[in-house]
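The structure under discussion appears below in the form of structure tokens.
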Amino acid sequence: MSSRDNMRQKKLDLSLYLVLDPDLCGGIDGMVNTTRIAVANGVTAVQLRAEHEFTRRDWYLAALALKQVLKDTTVPLLINDQVDIALAVEADGVHVGQKDLPVDVVRKLIGADKLLGLSISNLQQINQVNWQKVDYLGIGPVFPTMTKQDAAPPLGITTLAELNQCKQCPAVAIGGINLQNAAEVMQSGSDGIAVISAICGQPNIPYATRQLYHVIEQAKQGIKK
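Take the sequence shown: its letter number 54 is residue 38 in the working numbering, and every next letter is one higher.
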């Protein structure tokens, strides 16, 4: 079994995937605190993403602090786009979009044992995925979102379900997902939901996280029946 297979055997759980936003969380300290609380209440994967003015040093310091928070957990830390930052802090993986480095190049840079996620938003993109290089997909935006300024048009549940039928690896849905629509997203065939504002900046992060986790688990049980 290859080292990459070993990583997969470790089981990347996409159920409740937290994408951090420094603006919503209140800077690096806020992201660290949000992560600590959210992981204790059900978050299964964490991605560091910064859409606005975040210096290279900010990226590095934030990633280093988050790795420290997650070191004694089974929750992986993924870095959005910034391969050098991921390598510098020895993060668990990288997530890239359609405008970033190609996945084959990223895979060469990060090696075989790191996780690699790829964002897709339509049938053409999913048909071009190099399934040998990618560990999971991020599909979206499912609904309108204000947290990513260059996001593609919303897919809707029907298109999300169609794309899920084409996947050859696990996929997490992202974009405007909250407590009210999480169940139907899971019922579309998604392996999990990625959320930002549904946790980041919430007045009661433990409660918000537990509620989302509960809805996800209920949806999973319903799908199994």
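Heads up, the beta-carbon is just placed ideally off N, CA and C, and yes, glycines get one too.
Span separating the alpha-carbon of residue i from that of residue j
i, j, result
"residue 16", "residue 37", "18 Å"
"residue 204", "residue 128", "24 Å"
"residue 175", "residue 201", "11 Å"
"residue 10", "residue 185", "8 Å"
"residue 44", "residue 53", "14 Å"
"residue 83", "residue 108", "15 Å"
"residue 196", "residue 166", "7 Å"
"residue 48", "residue 6", "15 Å"
"residue 75", "residue 139", "30 Å"
"residue 155", "residue 148", "7 Å"
"residue 170", "residue 120", "16 Å"
"residue 67", "residue 157", "22 Å"
"residue 91", "residue 71", "12 Å"
"residue 8", "residue 14", "9 Å"
"residue 188", "residue 18", "10 Å"
Nearest-angstrom beta carbon gap, residue j and residue i [assumed within contact, 8 Å]
i, j, result
"residue 2", "residue 179", "7 Å"
"residue 89", "residue 100", "Contact doesn't hold; Cβ gap of about 11 Å is too wide."
"residue 98", "residue 77", "5 Å"
"residue 177", "residue 0", "7 Å"
"residue 118", "residue 153", "6 Å"
"residue 51", "residue 73", "5 Å"
"residue 207", "residue 151", "Not really, about 15 Å apart at Cβ, beyond 8 Å."
"residue 46", "residue 94", "Not confirmed; about 19 Å, so no contact."
Same chain, Cβ closer than 7 Å to residue i, neighbours up to 5 away in sequence not counted
i, result
"residue 190", "21 and 25"
"residue 145", "172 and 173"
"residue 57", "23"
"residue 27", "0, 2, 59 and 193"
In DSSP terms, what residue i is bridged to
i, result
"residue 36", "None, per the DSSP bridge assignment."
"residue 64", "79"
"residue 120", "101"
"residue 31", "3 and 62"
"residue 155", "121"
"residue 178", "1 and 158"
Buried or exposed (CB count within 10 angstroms, at least 16 for buried), residue i
i, result
"residue 31", "buried"
"residue 137", "exposed"
"residue 114", "exposed"
"residue 39", "exposed"
"residue 116", "exposed"
"residue 60", "buried"
"residue 33", "buried"
"residue 41", "exposed"
"residue 112", "exposed"
Spatial neighbours of residue i in its chain, beta-carbon cut-off 6 Å, leaving aside the 5 residues before and after
i, result
"residue 159", "124, 125, 126, 127 and 129"
"residue 79", "31, 62, 64 and 101"
"residue 141", "168 and 172"
Same chain, Cβ closer than 8 Å to residue i, five either side skipped, listed in chain order
i, result
"residue 163", "182, 192, 195, 196 and 199"
"residue 104", "82, 110, 113, 121, 122, 123 and 147"
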